[in-house]
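Novice: Residues 780 to 1138 (this note's numbering) make up the sequence shown, in order.
Where a beta carbon is used, it is the ideal one built from N, C-alpha and C, also for glycine.
Just dropping this structure here.
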Amino acid sequence: MSKRVITRAKATPERVWLGEVSAVVLQQALADLNTAYRNFFASVTGKRKGRKVAPPRFRSRKDNRQTVRFTRNARFAVLGNGRLRLPKIGDLAVRWSRELPAEPSSVTIVKDATGRYYASFVVTTKRDESLPTAESEVGIDLGLTHFAVLSDGTKVAAPKFLRQAARRLARLQKSLSRKVKGSNNRKKAVVKVARAHAKVADTRRDWQHKLSTAIIRDNQAVYVEDLCVTGLGRTRLAKSVHDAGWAGFTGMLQYKADRYGRVFARIDRFAPTSQTCSECGRIDGPKPLSVRLWTCLCGATHDRDINAAKNVLAAGQADNSNDRGAQVRPASVLAPRREAVTHPDAARSTRSVERVSAL
Ligand SMILES: [Zn+2]
């Protein structure tokens, strides 16, 4: 494949532009294709568990996000003057979000839909220091009326970033639709829409970082009810569900727990946490969402969401009591894409270092 789509292709007049970039970049694209096919076949034959993986598709011409990856072979370098040297591109000025903890093994340059460029390094680092042990443990019920309700009674209001920005987005979208296809003004309008969306996403991520960091810092163990986000996303509530961004939030809780030596677990999504009395354990039957307060036969009066969070905590502690010892030295974790915060107060500086692997 490499010979055919790289070496020989470069010799043809139609593909001569492939020679304008480092060959390593082309090889990396081929390597990604290989991984995609391998994942697809592993999924088809059942060797790969979890969600079905689709075969790779051609990159869409309309896709505004572009990336190139340089490995060590490409001889990229971080220069003493803080510039990033890339083969066939040159020395780039970088706004560093923080110092690299070690020599990077690769760098990915990402251009997002709004035209912003990011340099994302892969670095091997030592595990971060665990935080001092906290006394409390917490169960979290994620919902739509409140973003999160904690078993200690804290209610975190849902920030409706997308809804708030909806009017502005609608206006920009309308302006875009009026532009002539293929025109320069249309291109500009596309960037404006992308920028408005990116702003919403950035604000949401920042907010989620602050909340997840605070929860992990204050609690030794965190249990969350695992919601069926894909299922809910197809319902009438879809917009609110996607606006809330639970998946991203629980993902943050998980890797921050791994990183700082905390326990994190998801509770079976079919556990009837909103039907069970957290005082006596009686299962009181399903309750419509309109029921915010209810009284159990044992006499305890419950706030629907706080009661659910208490049950999540109890279920998590029960699940976990057997293998608590196994959590002392958690396995190494790969930092998820776009999240590379190592210090609790550095949640806002995720701009240019996006991907870091921790050993
Ligand atoms: Zn009861």
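Rounded to a whole number of angstroms, what is the C-alpha to C-alpha distance between residue 912 and residue 886?
Specialist: 35 Å
Novice: Taking only heavy atoms of ligand 1 into account, decide whether any of them is closer than 7 Å to the Cβ of residue 1088.
Specialist: Every heavy atom of ligand 1 is 7 Å or more from the Cβ of residue 1088, so no.
Novice: My understanding is that residue 1043 touches residue 1091, with C-beta atoms under 8 Å, so please give their C-beta distance in whole angstroms.
Specialist: Contact flag wrong, Cβ pair sits at about 12 Å.
Novice: Just to confirm, are residue 848 and residue 784 a CB contact at a threshold of 8 Å?
Specialist: no
Novice: So, do the segment 979-994 and the segment 929-941 have three or more beta carbon pairs nearer to each other than 8 Å?
Specialist: Yes, the segment 979-994 is in contact with the segment 929-941.
Novice: Grab the span of the alpha helix (DSSP H) containing residue 1029 for me, first residue to last.
Specialist: Note, residue 1029: alpha helix (DSSP H), 1025-1039.
Novice: Between residue 864 and residue 873, which are expected to be in contact by the criterion C-beta below 8 Å, what is the C-beta distance as a whole number of angstroms?
Specialist: In fact, because the Cβ distance is near 11 Å, the residues do not count as touching under 8 Å.
Novice: Mind pulling the beta strand (DSSP E) runs of 3 or more residues that sit fully within the segment 836-902?
Specialist: 845-850, 862-865, 869-872, 885-890 and 896-901
Novice: Report the residue ranges of all alpha helix (DSSP H) runs contained in full by the segment 939-1011; include only those spanning at least 4 residues, in chain order.
Specialist: 940-956, 963-997 and 1008-1011
Novice: Would you tell me roughly how many angstroms separate the C-alpha atoms of residue 1073 and residue 922, rounded to the nearest one?
Specialist: 18 Å
Novice: Round the Cβ separation of residue 907 and residue 1039 to the nearest angstrom and send it over; I've been treating them as touching at under 8 Å.
Specialist: 6 Å
Novice: Looking at the structure shown, is residue 1084 part of a helix, part of a strand, or coil, going by DSSP?
Specialist: Note: residue 1084 maps to helix in three-state DSSP.
Novice: Inspect the beta-carbon positions of residue 1094 and residue 1050 and report whether they are closer than 8 Å.
Specialist: yes
Novice: Below 7 Å, is the gap between the Cβ of residue 1076 and the nearest heavy atom of ligand 1?
Specialist: yes
Novice: Verify the contact flag: residue 1083, CB atom, against every heavy atom of ligand 1, threshold strictly below 7 Å.
Specialist: Not under cutoff, so the answer is no.
Novice: Have a look at 834, 853 and 1052 and flag the residue whose alpha-carbon is nearest the alpha-carbon of residue 919.
Specialist: 1052
Novice: Does the distance from the CB of residue 857 to the CB of residue 871 come in under 8 Å?
Specialist: Their beta carbons are not under 8 Å apart, which means residue 857 does not touch residue 871 by this criterion.
Novice: Does DSSP classify residue 1068 as helix, strand or coil?
Specialist: It is coil, neither helix nor strand.
Novice: Using DSSP with H/G/I as helix, E/B as strand and the rest coil, what is residue 803?
Specialist: helix
Novice: In angstroms with no decimal places, state the Cα-to-Cα distance between residue 838 and residue 846.
Specialist: 12 Å
Novice: State the DSSP-derived secondary structure class of residue 1098, mapped to helix, strand or coil.
Specialist: helix
Novice: Nearest CA to the CA of residue 927: which residue from 990, 1098, 943 and 836?
Specialist: 990
Novice: Got a sec, what are the start and stop residues for the beta strand (DSSP E) residue 918 sits in?
Specialist: 915-921
Novice: At a cut-off of 7 Å, would you count residue 1093 as near ligand 1, judging by its Cβ distance to the nearest heavy atom?
Specialist: no
Novice: For the candidate residues 942, 780, 1058 and 968, whose alpha-carbon lies nearest to that of residue 1080?
Specialist: 1058
Novice: Spell out the partners DSSP gives residue 934 in its beta bridges.
Specialist: 928
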